[in-house]
Amino acid sequence: MTALALSAPLVDHHAVPAMRLGRWRLTQVSICVAVAALPLLRPAGPGNTGLVDLALLAAMMISALWASTRSHQIQLPYAMAVGLTVLAGAAAVTVGGSLGDAGEGIAANSSLALVQDIFVFGWAASVATLGQDHQLLDVFCRAWAYSATAWAALLIVGEILGIAAITGISARDGIRASLTLGDPNLAADYFLVALLVIRATRRPRRTLWRWLACALVVTAIVLTLSNGGILALFVATAAGVLFRVTRQRGLGAAVVLGAVLALGGALAYTTIDLHTWVTSVEEKSPFIRDSLGREAESGGSRTTIAKESVALWLRGDTIWGLGPGNTEQALRARQAPYVKEAHDDYLASLLERGVLGGFALIVLVGAVAMRARRITVPGGVPPRYLAVVPRPELLCAGVVAVAVSAVFYETLHFRHVWALFGLVAALGPARRAIGRSAP
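Residues 38 to 476 in the working numbering are what the sequence shown lists, from first letter to last.
Spelled out as structure tokens, the structure:
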């Protein structure tokens, strides 16, 4: 026995923990860089890519490696919905029958859209996979809250100093800021979702600093002058209140409060003559001109696009759709009076991916809503995760805000939206493997 013991090789008991600690730190760094880089869409690369995509790709690979070496399962939330979406898009391209009208670029556009579908799904899956460890999820949430606050502060500084390279202001959009996201509506949606993450996670923990962070992010939303973003902000605020009332006082109290809010909103909409006031001041105020002053034009544009999209669908000879990303080409090929890409997820899913695409969207909405509903009920979030996200109902308000934003622009390729979906999935009751903590 002694001889065997003496002849056994010496084992460095500190080597394995050191390796694990190194892997843990690499995972931390990758997820922090990925979520902090979410706004980095400009300068743009080929196929609507940006610097952020390099960070997201690295985070995906490292999260898969982390899961495999720590005996965790790779999580694939919303896999059925995304699979149906991709299948619908592929079917629209291969057997749709409308390709000839839209030109030679149809297949390329659709292929790019399908790759984007898979890419953003992989990003959400990475967040859900890393979320099996509550400490890593806490790192992710802190990085999101703090980085969004820093981006908002940078945008405000750029606005004060008049640095267009920071604000993203261009002649095309007037004085609307877009930071490095390339589109004011996209920027507004990014900051709105980040605001709800800040509120849900209570980061920073100190109340004064948290409210300061919220003020910076709300200011950034206002600087985008996105009417859809402002509307979604009000809807998200109301939804957050209703979810909290439901959690604390029950569904009945929430229904009563919701009815009161809806009645108040309807009365305000019908009694306040906002158009007359806007018309009288928009020439003197660029701020009003590029925000509320655009409402009539934007609303008319969306209505025209919707009518043309419906007409395009009714005149089509297939139920498979035009192919993802091909609405604009199809309208141009048919010499429509107003040629523009689809402006909302709901019509785009049906028009470009057909009946199967519409069904896939219903499945996705149902899956996200079901997971969001679960984390709002008492006991729906495990205690360790509740310490990370003390107010999960505000993430559900974020989901509602995304659903509202999807009426005005296509949100299902927004990277921050799928980060939110992954976070909601990570908090759900299915995350039972909470005993495995990081070393």
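Using N, Cα and C, we set each Cβ at its ideal position, and we do this for glycine too. What you are looking at is a predicted structure, and each value in this text was computed from that prediction instead of being measured.
| Item | Value |
| --- | --- |
| Touch test, the region 109 to 128 against the region 410 to 423, Cβ-Cβ under 8 angstroms, three pairs minimum | no |
| Three-state secondary structure assigned by DSSP to T86 | coil |
| Cβ neighbour criterion (16 or more within 10 Å) applied to G137 | Unreliable placement is indicated for G137, whose pLDDT of 47 sits below 50; the coordinate value is still reported in the next sentence. Counting Cβ neighbours within 10 Å, G137 comes out exposed, since fewer than 16 surround it. |
| Coil, strand or helix - F158 by DSSP | helix |
| Endpoints, alpha helix (DSSP H) assigned at S386 | 382 to 411 |
| Counted within 10 angstroms of its Cβ, other Cβ atoms place A434 as buried (16 or more) or exposed | buried |
| Whole-angstrom distance between H109 and G195, CA atom to CA atom | 43 angstroms |
| Proximity of H450 and L75 at Cβ, strictly below 7 angstroms | no |
| Which listed residue (I111, L93, N85) has its alpha carbon closest to that of V66 | L93 |
| Under 7 angstroms between C-beta atoms of I412 and P429 | yes |
| M117 versus L398, G289, L174, residue with shortest Cα-Cα distance | L398 |
| Residue range of the alpha helix (DSSP H) that includes T283 | 264 to 286 |
| G295 to A214 span [Cα, whole Å] | 33 angstroms |
| Selection from S207, T64, D220, G459 that minimises the alpha carbon distance to A104 | T64 |
| Cβ-based neighbour list, L113, same chain, cut-off 6 angstroms, excluding 5 preceding and 5 following | A162 |
| The region 221 to 234 contacting the region 260 to 273, beta-carbon criterion three pairs below 8 angstroms | yes |
| N-terminal and C-terminal residue of the alpha helix (DSSP H) that E196 is part of | 171 to 198 |
| Spatial neighbours of T204 in its chain, beta-carbon cut-off 6 angstroms, leaving aside the 5 residues before and after | G195, E196, A214 |
| T308 versus R179: straight-line alpha-carbon distance, rounded | 43 angstroms |
| Whether N146 touches G391 by CB criterion (7 angstroms) | no |
| Beta-carbon proximity list for H7, same chain, < 7 angstroms, skipping 5 on both sides | Outside the shown range of the chain (38 to 476) lies residue 7, about which nothing can therefore be said. |
| Inter-residue spacing [alpha-carbon to alpha-carbon] between L387 and L151 | 15 angstroms |
| Pair within 7 angstroms by beta-carbon distance, E389 and L431 | no |
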